[in-house]
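See structure below.
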Amino acid sequence: MPNRPTRRRAASDTRVSAGSAASANERSARHPHPGPAGNTPEEPARSEAHGDSDRGFFGQPRSLATVFGVEMWERFSFYGMQGILLIYLYYSASEGGLGLPQATAAGIVGAYGGSVYLATIIGAWLADRLLGSERVLFYSAVVIMLGHIGLALIPGFAGVGVGLVLVALGSGGLKANATSVVGTLYTPDDVRRDAGFSLFYLGINLGAFLGPILTGLLQTTLGFHWGFGLAAVGMFIGLVQYSFGRKRLPVEAHEIPNPLPRGKRPMWIGIAVGAVVVILIAVLLGLITADNLALIVIGLTVVAAIAYFAVILSSSRLSSTERTRVFGFIPLFIVSVAFWSLYQQQFTVLTIYSDKRLNRDLFGWEMPVSWVQSINPIFIIILSGVFAAIWTKLGRRQPTTPVKFALGAIVMGLAFWLFLPFANGGENTTPLLAIVGILFTFTVAELFISPIGLSVTTKLAPAVFHTQMVALFFLSVALGTAIAGQLAELYSPTNEVPYFGVLGLVAVIVGVLLWVASRGVLRLMKGVR
Numbered sequence: 017m018p019n020r021p022t023r024r025r026a027a028s029d030t031r032v033s034a035g036s037a038a039s040a041n042e043r044s045a046r047h048p049h050p051g052p053a054g055n056t057p058e059e060p061a062r063s064e065a066h067g068d069s070d071r072g073f074f075g076q077p078r079s080l081a082t083v084f085g086v087e088m089w090e091r092f093s094f095y096g097m098q099g100i101l102l103i104y105l106y107y108s109a110s111e112g113g114l115g116l117p118q119a120t121a122a123g124i125v126g127a128y129g130g131s132v133y134l135a136t137i138i139g140a141w142l143a144d145r146l147l148g149s150e151r152v153l154f155y156s157a158v159v160i161m162l163g164h165i166g167l168a169l170i171p172g173f174a175g176v177g178v179g180l181v182l183v184a185l186g187s188g189g190l191k192a193n194a195t196s197v198v199g200t201l202y203t204p205d206d207v208r209r210d211a212g213f214s215l216f217y218l219g220i221n222l223g224a225f226l227g228p229i230l231t232g233l234l235q236t237t238l239g240f241h242w243g244f245g246l247a248a249v250g251m252f253i254g255l256v257q258y259s260f261g262r263k264r265l266p267v268e269a270h271e272i273p274n275p276l277p278r279g280k281r282p283m284w285i286g287i288a289v290g291a292v293v294v295i296l297i298a299v300l301l302g303l304i305t306a307d308n309l310a311l312i313v314i315g316l317t318v319v320a321a322i323a324y325f326a327v328i329l330s331s332s333r334l335s336s337t338e339r340t341r342v343f344g345f346i347p348l349f350i351v352s353v354a355f356w357s358l359y360q361q362q363f364t365v366l367t368i369y370s371d372k373r374l375n376r377d378l379f380g381w382e383m384p385v386s387w388v389q390s391i392n393p394i395f396i397i398i399l400s401g402v403f404a405a406i407w408t409k410l411g412r413r414q415p416t417t418p419v420k421f422a423l424g425a426i427v428m429g430l431a432f433w434l435f436l437p438f439a440n441g442g443e444n445t446t447p448l449l450a451i452v453g454i455l456f457t458f459t460v461a462e463l464f465i466s467p468i469g470l471s472v473t474t475k476l477a478p479a480v481f482h483t484q485m486v487a488l489f490f491l492s493v494a495l496g497t498a499i500a501g502q503l504a505e506l507y508s509p510t511n512e513v514p515y516f517g518v519l520g521l522v523a524v525i526v527g528v529l530l531w532v533a534s535r536g537v538l539r540l541m542k543g544v545r
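In terms of our numbering, the sequence shown opens at residue 17 and continues consecutively.
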């Protein structure tokens with residue numbers, strides 16, 4: 017992706033710092049010729065929301081409420097649907113599901129999750145080259161809603177295929193641009209910026225908390241398609257409120273940083289159409305199936321990551337220091353992949369575990385499986401502020417980034433070992449408090465890596481490859497998520513000791529190796545801590 021013009025560098029930095037916080041608080045987040053003037057939703061005039069005189073939303077710009085709302089409802093729909101997706105795939109027809117083998121269903125969910133992060137690259141490219149962040153955000157929300165409608169109304173595997181493709185593409189586009197739009201609401205020296213982003217991420221986690229609870233209730237009382245329908249309704253509500261508020265967004269939200277020349281558009285359209293045709297042919301020929309979908313996403317992500325590293329490292333536009341810093345990023349990339357390959361099993365293995373092994377009895381009432389997915393957002397809301405305060409208090413004495421990454425991997429491994437005391441137990445015998453404790457440990461591990469990842473990526477990024485380095489970090493999340501789906505195919509309630517024991521050990525070893533090598537990695541980072 018060609019780099020942005022120099023005059024947009026500050027805006028690019030704003031996007032990326034925003035994205036790092038988003039990554040932290042959404043548990044998993046992104047983010048990388050002005051148009052003609054006018055006061056329409058497509059091309060608004062510069063709004064007073066861009067200055068500090070606008071304090072209409074809890075002391076923040078009024079337009080923050082617009083983006084807060086659409087992101088909250090998008091996360092509501094995303095996590096609400098994901099909370100019931102896996103069990104929909106493997107539940108029998110008599111239970112309202114599709115009756116897929118459990119391993120195949122887990123692979124599909126992992127491939128879908130990885131595709132969401134792959135799609136952030138497409139969303140960022142569209143914003144940078146064709147449409148601008150605001151319009152990509154809006155169109156992505158429409159695509160997400162259509163995907164949920166497809167899941168709700170189209171029966172069988174056709175609904176899953178149409179729905180997941182649309183939701184993955186839309187979620188990638190929205191994830192790539194929502195924080196970018198928030199960044200345009202503030203001048204670089206606006207003291208409200210950090211508080212504004214904290215409020216924005218509160219909305220993210222409110223949506224992530226409420227979605228699985230409400231869709232799970234509908235799924236258990238009325239059926240899966242009602243749960244998917246509620247996800248569509250949530251996205252519709254977000255779209256309606258956003259449609260009314262988008263006209264007040266500042267003109268910066270609509271700018272196209274590096275417009276694609278009109279003469280090159282037919283070539284890119286041809287590439288896009290060709291890619292779709294190749295995928296359809298591969299599906300028709302049986303080369304792409306539900307059973308190998310996760311492996312295909314893993315392969316595509318590996319190829320994309322290698323290509324990104326090769327392009328960046330071979331560029332003659334890099335200084336010696338910049339090239340060395342990119343080499344320093346490689347160990348962090350590897351540890352990030354290892355971390356996400358365990359962490360993202362919340363949506364695969366943990367869902368199966370919650371269905372088959374967890375005692376979900378609450379005073380005589382059985383809690384829906386999806387409710388377990390609402391535990392993590394609560395801990396994120398509580399602990400993210402605690403971690404921020406700790407790092408602020410420690411200042412220069414806080415651990416370096418390689419050590420934080422190492423600690424994140426080690427704690428993630430320990431979280432998997434916490435399953436071992438309950439391994440191979442009877443059906444629905446694991447206490448709910450045990451899962452709460454395990455997810456608390458998941459969250460601690462996440463906060464050592466996720467909020468740090470994009471931040472350090474932007475610091476290590478060469479000036480001419482800022483966006484591409486951020487894309488690389490998201491490729492680590494995509495790869496880890498797809499691997500999580502592939503690994504979940506190996507899980508069974510009868511093999512829990514080797515499964516949790518070995519994967520936990522691998523994570524601990526990866527973390528220890530990075531810790532041992534942290535001084536060397538730090539030297540490669542050339543002054544970045």
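For every residue, glycine included, the Cβ atom is placed at its ideal position computed from N, Cα and C.
Check	Outcome
Close Cβ partners of I394 (< 7 Å) along its chain, the five nearest in sequence each way excluded	F225
Alpha helix (DSSP H) segments (min. 4 residues) lying fully within the stretch 464-533	482-504 and 512-532
Collapsed DSSP secondary structure at Q360 in the structure displayed	helix
Environment of K409 [buried if 16+ CB atoms lie within 10 Å]	exposed
Three-state class that DSSP yields for A34 in the structure shown	Residue confidence is low: A34 scores 36 on pLDDT, short of 50, so the model does not pin down where it sits. No coordinate-derived value is stated.
Cβ shell of D307 (< 6 Å), same chain only, five flanking positions each side left out	T120
Three-way DSSP call (helix, strand, coil) for D206 in this model	coil
Cutoff 6 Å; reference V472; Cβ partners in own chain excluding five residues on either side	T417
T82 beta carbon less than 8 Å from that of R264	yes
D307 (DSSP reduced to helix, strand or coil)	coil
Cβ contact (3+ pairs, closer than 8 Å) linking the stretch 316-329 and the stretch 456-475	no
Straight-line gap, F343 to A487 (C-alpha atoms, nearest Å)	16 Å
Residue closest to Q235, alpha-carbon to alpha-carbon, out of A310, I100 and G189	I100
Element boundaries [alpha helix (DSSP H), containing S400]	I391 to L410
Backbone secondary structure at G536 - three-state DSSP	helix
Pair within 8 Å by beta-carbon distance, G188 and L134	yes
Secondary structure of T445, DSSP reduced to three states	coil
Own chain, CB closer than 7 Å to F403, minus 5 neighbours either side, in chain order	L463
Segments of 3+ residues assigned as beta strand (DSSP E) that fall wholly inside the stretch 256-329	none
Own chain residues within Cβ distance below 6 Å of G527, not counting five before or after	A422, A425 and I426
Span of the alpha helix (DSSP H), counted from its first residue to its last, around K191	G172 to G199
Cβ separation of G112 and T364, assumed to be a contact under 8 Å, to the nearest whole Å	So it is not a contact: roughly 20 Å between Cβ atoms.
Q360 vs T497 beta-carbon contact at 8 Å	yes
E382 classed as buried or exposed, judged by whether at least 16 other C-beta atoms fall within 10 angstroms	exposed
For Q76, the three-state DSSP class (helix, strand or coil)	strand
Beta carbon of A269 nearer than 8 Å to that of T200	yes
Own chain residues within Cβ distance below 6 Å of V532, not counting five before or after	none
Member of V419, V480, A288 and V351 whose CA lies at the smallest distance from the CA of S335	V480
Contact between the stretch 430-444 and the stretch 511-527 (3+ Cβ pairs under 8 Å)	yes
Alpha-carbon spacing of A186 relative to F458, whole angstroms	A small correction: the amino acid at residue 186 is Gly; Ala does not occupy that position in the sequence shown. Roughly 27 Å between the two C-alpha positions.
Extent of the continuous alpha helix (DSSP H) run through F154	S149 to L169
Local conformation of L374 per DSSP, three classes	strand
For F432, the first and last residue of its enclosing alpha helix (DSSP H)	T417 to W433
At least three beta-carbon pairs within less than 8 Å, the stretch 152-162 to the stretch 211-219	no
Own chain residues within Cβ distance below 8 Å of P117, not counting five before or after	Y106
Own chain partners of S131 with C-beta closer than 7 Å, once the 5 adjacent residues on each side are dropped	A184 and V313
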